[in-house]
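*Asks:* Residue numbers (the working numbering), protein chains in the order written: chain B, 865 to 1096; chain Y, 76 to 359; chain H, 2 to 311.
Input: one structure, supplied below.
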Amino acid sequence: MDPIILYIVACVLVGGVLASLGVHLLPVGGAPAAMATATGVATGTVMLMLGAAMCGLFTAASVATYTSNIWLVALSGAVASWLMMGVTMLLANLLYVFGAGVVPVSGRVDMDPITKESQKEYKTPQCDGHGVPNVSFISGMIGALLGGFGGALMYFALLKYANFEPTMAGVAAMGIFVANAIIAAYNIGGTIEGFQDPKFKRLPKAILTCGIISLLSGVLVWVVANMGGLIL
Amino acid sequence: MTVGGGPVVEEEKAKGFTFPPDITQLGIISAIIAIIIVIIPGLPAVVKAVGVIFALLWGTDSVRKTSKYGLGTGVPSIGVLAMGYGIVGALVGIAFTKYGSISVGPLEVQPGVLIGVIVMAIVGLISGVLSNNEKIIGMKIPGLERGMTELGMAGTLAMLLQFSIVAGSLNFDVVIEKAISTGLIAVMFVLSMMAMFHPYNACLGPDERRPRTLMVSIEISGLLCIILGIALAANPTSALGIADGISLLIFGVIVWIVFFVMFVKTAMREAYSTVGTGLIKTIE
Amino acid sequence: MLFAWMLLIVFLALIACMFEDLESDTGSQSNPNSQVQLAPQVGQVNRFFNKAISGEAPSYAMYCTIAGVVAYVLLSKDVNPLLAIPIGALVGEAIHVIFSVTAHVGRTAAQKRFEQPIYLDVLYGHLLPIMTHGFMATLCITAIAYIQSNIGSLSGMPALNHPFALPMLGFIWGITVGAIGSSTGDIHYGAEREFQDRPFGEGKRVVYHGKITRYADCGVRTQKDIVYFCAKYGGPVTGLTFGVIILFENWRSLVGMMLSGYLPGVQATAGSMTAIIGIGVGLVIGIALIVGNVVIVKWARKRYGPFVGE
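Given below as structure tokens:
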């Protein structure tokens, strides 16, 4: 059996599963977070994950022009993605603290699992938390790290093993990434606070679904590369 | 994020053929027209643009039917999913072009591309079943399986037709060189995805009416034809030369003007009132 | 010369994201728009512009990609970049205005039963501000995409050109700019300006939702009253976010290239070391950000104290 198909399918599968794991770790509050009614970043799940992954894809593409090591390319994408999330969440916190005058607290747990600060007395009543507390921040950074790694891994597999051109590999990687991210977003119902949220326990179902979809996509990509004569 | 209002009302099934056709009839008509046009890549660009309009109309209808029940993440996500599937399906389609190619007179018929459509329909069905099944993701939306299948097919057909407009043929190497490496695939992805979800998102509310919503879809397809016409006129690909691109541009402009004016006039007529200016009131 | 071009990209990124946030406040797009949509349903007829074109990320992806494609087509016909990039941005913005009109008119028409009229002066009066703010953002993003895809040729080392095509770069930065503007700037609009008559210093409770501030300092409020407020804090902070991200990205790549000897002269053997140094610098910056967040949260908790009142 040709080992190329195993590499391509394995990379796409791992990339897709990491994408859905990353979506579950990002703290997304949706529309209520923009009104300081819910904890998390005030945007849609899929779009935030896609924004972070696109940053990662950009850096991974430029790194892939001067190195061929799969780990370095994927890690470059991961680090670019984690920087983007970190800066975005930090400056969003600046806006919450100085622009809206709220203390970043979580609404789902009574005590921050990492810094052991209590949350309840700093929270506005009738709100589900506001801002990006420390545990959500760290959860978001890890989520972006994994998501960026997955996206860059898929890009590298399509570029080097399936011999796609850079733009074509980028577009195809983005297409598969976005399908996985959307199905994972359906699983959490649109908003989640991070790994401390009870909704995080729904993770295995999304991993199963995204695994199946990524497996099919990986096989299809190999078929395209084979039929199109890109793999010799 | 969007907020809808009012309970969901199932629309009555129309008896016989109506205008505009009801959901199932429109789906079948659009599918047939798009499939016939996509397997003949030698047609002029204007004919292929009609195919694009129908494929995107089918997608819009499907997004509308599925989003009515509340997806949790908002309307845009399912449109992006459709086009994400569309990219993968179109790549599979163009890889199979050279198999089963028949020559009918001066035109070539290439049914091989339909393999991409069928494959994406299967993937859409699988993801729909996994999303709706209670033991797995459990969205519990009636008709999600059918909706995702239709979106997989509509996205792939729209993408394939746009490839054949810009590249002039559906051969693998030609399409990669002219449509994908130049980055035109990005604009096709984005505008098709907008054409699928913007109509329902823009007309969201309790008094939304399906014929009015569908007008927006055709209007956005007109904008897509204008952009593709500019790209095609700059790099002529088929035997008709630059006239192909210019005719597509003019076709897009006409379609856009007709449907935009029709939509704005209809919406202004059907709103509560349209006033030049005025004060506001509070209703307790 | 390479450093000059990279600094220019950082500057353009700052301007782009600032105007992106101000444009989304001019048109009331994305998350806070859910309040403008909800207001008539709770009886608060208003004179806001209800631009509901999805979130900011896909819509900015659309304008920037269209601008990128038109600019790319013109550039391939040997038109001067000074002419091609603004024309591309103009086409992108024309399409933006068309989408805004259909969104506002469509959403208001679907709210017939809540007696929300279409105010024509609100519709016509906001189209040009939306277009101008958006033009600045789209122009800067297209310029960034152009410089990045040609940075090698512009500074004499063609190997450094980014491998993606120009429209694809426009797409990537469009999504990123939209995601950032939606996450940071919209907080100032949604939590502060939309509920201006609620107390400062608390989250906006669910019972307040829909009851937005509809009266201005003199007369009835429209989006034009919102933009100048958000331009004092929300806009610049959003611009700073994207500028800092691009700065860190470029800076760590350059540090990697210089320390490993990849520059000058583009020696291929130093490629892996470049990537390793870049990753290391990125990890250090990320950890500094986490520490920064811990400091800010601690400061806020100490200064503000627990919630007082009901």
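Quick reminder that beta carbons are idealized off the backbone N, C-alpha and C, glycines included.
Source: prediction; values computed, not measured.
Compile a chain-ordered list of the residues in the region 903-928 of chain B whose CB is closer than 7 Å to at least one CB of chain Y.
*Replies:* Cβ contacts with chain Y come from G908, T909, V910.
*Asks:* Along chain H, in chain order, which residues have C-beta atoms closer than 9 Å to that of S884/B?
*Replies:* Here residue 884/B refers to the residue found at position 20 when the first sequence is read from its first residue. By Cβ distance, chain H contributes nothing, its closest Cβ being about 18 Å from S884/B, past 9 Å.
*Asks:* Does the beta-carbon of G965/B, which I'm using as the reference point, lie nearer than 7 Å to any heavy atom of the ligand GTP?
*Replies:* The model on display carries no ligand, and the ligand GTP is accordingly not part of it.
*Asks:* Out of Y209/H, A160/H, I67/H, point me to the one whose CA is closest to N43/H's CA.
*Replies:* For this step, residue 43/H is matched to residue 42 along the third sequence. Note that residue 43/H is Val in the sequence shown, not Asn. Nearest option by C-alpha distance: Y209/H.
*Asks:* So, is D187/H buried or exposed, given that buried needs 16 or more other C-beta atoms within 10 angstroms?
*Replies:* Locating residue 187/H in the third sequence gives position 186, where the first residue counts as 1. That one is buried.
*Asks:* Please classify G306/H: does DSSP put it in a helix, a strand, or coil?
*Replies:* Taking the third sequence and counting its residues from 1, the one referred to as residue 306/H is at position 305. The answer is coil: DSSP assigns G306/H none of H, G, I, E or B.
*Asks:* So which residues on chain H does L279/Y lean against when the C-beta distance must stay under 9 Å?
*Replies:* The residue you call residue 279/Y lines up with position 204 of the second sequence. Result: Q38, A53, G107, R108, A111.
*Asks:* Name the residue from M337/Y, M290/Y, I332/Y, V241/Y whose alpha carbon lies nearest to the alpha carbon of A306/Y.
*Replies:* By one-based count along the second sequence, residue 306/Y stands at place 231. Among M337/Y, M290/Y, I332/Y, V241/Y, the Cα nearest to that of A306/Y is on V241/Y.
*Asks:* Quick one, which of P1062/B, I1047/B, L955/B, N1027/B has its alpha-carbon nearest L882/B's?
*Replies:* Along the first sequence, one-based indexing puts residue 882/B at 18. Nearest C-alpha to L882/B: I1047/B.
*Asks:* Which runs of the alpha helix (DSSP H) at least 4 residues long sit entirely within the region 121-159 of chain Y? Give them in chain order.
*Replies:* Taking only runs of at least 4 residues, no alpha helix (DSSP H) segment lies wholly in the region 121-159 of chain Y.
*Asks:* Along chain H, which residues have their Cβ under 8 Å away from the Cβ of L298/Y?
*Replies:* Along the second sequence, one-based indexing puts residue 298/Y at 223. Residues of chain H passing the Cβ test: I96, I99.
*Asks:* Taking its Cβ as the centre, do 16 or more other Cβ atoms sit within 10 Å of G161/Y, making it buried, or is it exposed?
*Replies:* By one-based count along the second sequence, residue 161/Y stands at place 86. Buried is the call here.
*Asks:* Just to confirm the assignment: which complete alpha helix (DSSP H) runs, minimum length 4, are found wholly within the region 184-227 of chain Y?
*Replies:* Listed in chain order, the complete alpha helix (DSSP H) runs (minimum 4 residues) inside the region 184-227 of chain Y are 189-207.
*Asks:* Use the C-beta contact count for E220/Y: other C-beta atoms within 10 angstroms, 16 or more gives buried, fewer gives exposed.
*Replies:* Taking the first residue of the second sequence as position 1, residue 220/Y is located at position 145. Buried, by the Cβ-count rule.
*Asks:* Does the region 907-918 of chain B come within contact of the region 937-949 of chain B, defined as at least 3 CB pairs closer than 8 Å?
*Replies:* As far as the Cβ criterion goes, the region 907-918 of chain B touches the region 937-949 of chain B, which means the pair count is three or higher.
*Asks:* For M290/Y, does the three-state DSSP call read helix, strand or coil?
*Replies:* Walking along the second sequence from the start, residue 290/Y turns up at place 215. DSSP places M290/Y in helix when its eight states are reduced to three.
*Asks:* If we count Cβ pairs, one from each stretch, closer than 8 Å, do we get three or more for the region 49-64 of chain H versus the region 29-37 of chain H?
*Replies:* Counting Cβ pairs under 8 Å, three or more are found: they touch.
*Asks:* Check whether the Cβ of I1047/B lies closer than 8 Å to any Cβ atom in chain Y.
*Replies:* Along the first sequence, one-based indexing puts residue 1047/B at 183. For I1047/B, the answer is yes, since a Cβ of chain Y falls inside 8 Å of its Cβ.
*Asks:* Among the candidates G893/B, I1071/B, S926/B, whose CA atom is the shortest distance from the CA of L1023/B?
*Replies:* As a position in the first sequence, residue 1023/B is number 159, starting the count at 1. Nearest C-alpha to L1023/B: S926/B.
*Asks:* Taking C-beta to C-beta, are T99/Y and M271/Y nearer than 8 Å?
*Replies:* Here the question's residue 99/Y lines up with position 24 in the second sequence. Here the question's residue 271/Y lines up with position 196 in the second sequence. Not a contact, by the Cβ cut-off of 8 Å.
*Asks:* The beta strand (DSSP E) spanning I177/Y covers which residue range?
*Replies:* In the second sequence, the residue the question calls residue 177/Y occupies position 102. Where I177/Y is concerned, the enclosing beta strand (DSSP E) stretches over 177-179.
*Asks:* Of the choices M1038/B, N1027/B, F1028/B, whose alpha-carbon is the least far from that of M169/H?
*Replies:* On the third sequence, residue 169/H is found 168 positions in, with the first residue counted as 1. Of M1038/B, N1027/B, F1028/B, the residue nearest in Cα terms is M1038/B.
*Asks:* Consider the Cβ of S1081/B: report whether some Cβ of chain A lies at a distance smaller than 8 Å.
*Replies:* Of the protein chains in the structure, B, Y and H, none is chain A.
*Asks:* Who pairs with D992/B in a beta bridge, going by DSSP?
*Replies:* Within the first sequence, the letter at position 128 stands for residue 992/B. Bridge partners of D992/B: A902/B.
*Asks:* Could you list which residues in chain H have their beta carbon closer than 7 Å to that of F1020/B, in chain order?
*Replies:* Against the first sequence, residue 1020/B aligns to sequence position 156. Neighbours of F1020/B on chain H: none; closest Cβ ~12 Å, over 7 Å.
*Asks:* If you drop the 5 nearest sequence neighbours on each side, which residues of the same chain put their C-beta closer than 7 Å to that of S945/B?
*Replies:* Numbered from 1 along the first sequence, position 81 holds the residue referred to as residue 945/B. Hits under 7 Å: A916, A917, C919, G920, A1008, L1009, G1011, G1012.
*Asks:* For L9/H, which residues from the same chain have a beta carbon less than 8 Å from its beta carbon, with the 5 sequence-adjacent residues on both sides left out?
*Replies:* For the purposes of this step, residue 9/H is taken as residue 8 along the third sequence, with counting starting at 1. Contacts found: I148.
*Asks:* Which value, in whole angstroms, describes the spacing of the CA atoms of I119/H and V350/Y?
*Replies:* Numbered from 1 along the third sequence, position 118 holds the residue referred to as residue 119/H. Numbered from 1 along the second sequence, position 275 holds the residue referred to as residue 350/Y. When rounded, the distance between both Cα atoms is 6 Å.
*Asks:* For the region 120-132 of chain Y, which residues have a beta carbon sitting closer than 7 Å to at least one beta carbon of chain H?
*Replies:* Within the region 120-132 of chain Y, no residue has a Cβ that lies closer than 7 Å to any Cβ of chain H.
*Asks:* Going by Cα to Cα distance, which pick from V943/B, G894/B, V999/B, L889/B is closest to V298/H?
*Replies:* Your numbering for residue 298/H matches position 297 in the third sequence. Minimum Cα distance to V298/H is reached at V999/B.
*Asks:* Consider the Cβ of L121/H: report whether some Cβ of chain Y lies at a distance smaller than 8 Å.
*Replies:* What you label residue 121/H is simply residue 120 of the third sequence in a count that begins at 1. Closer than 8 Å: yes.
*Asks:* Straight-line CA distance for N207/Y to K215/Y?
*Replies:* Within the second sequence, residue 207/Y is the residue found at index 132, counting from 1. Within the second sequence, residue 215/Y is the residue found at index 140, counting from 1. N207/Y and K215/Y: Cα-Cα distance of roughly 5 Å.
*Asks:* Starting from T341/Y, trace the alpha helix (DSSP H) both ways and give me its first and last residue.
*Replies:* In the second sequence, the residue the question calls residue 341/Y occupies position 266. T341/Y -> alpha helix (DSSP H) spans 317-345.
*Asks:* Return the chain-ordered list of same chain residues with a C-beta closer than 7 Å to the C-beta of E86/Y, the five sequence neighbours on each side being excluded.
*Replies:* Indexing the second sequence from 1 puts residue 86/Y at position 11. For E86/Y, the predicted structure reports a pLDDT of 48, less than 50, and the residue's modelled location is therefore unreliable. The matter cannot be settled from this model.
*Asks:* Shortest alpha-carbon distance to Y986/B belongs to which of E203/H, T66/H, L167/H, T103/H?
*Replies:* The count along the first sequence starts at 1 and reaches residue 986/B at position 122. Answer by Cα proximity: E203/H.
*Asks:* Counting only runs of 4+ residues fully inside the region 879-953 of chain B, write out the alpha helix (DSSP H) ranges in chain order.
*Replies:* Entirely contained in the region 879-953 of chain B, the alpha helix (DSSP H) runs reaching 4 residues are, in chain order, 894-898, 909-927.
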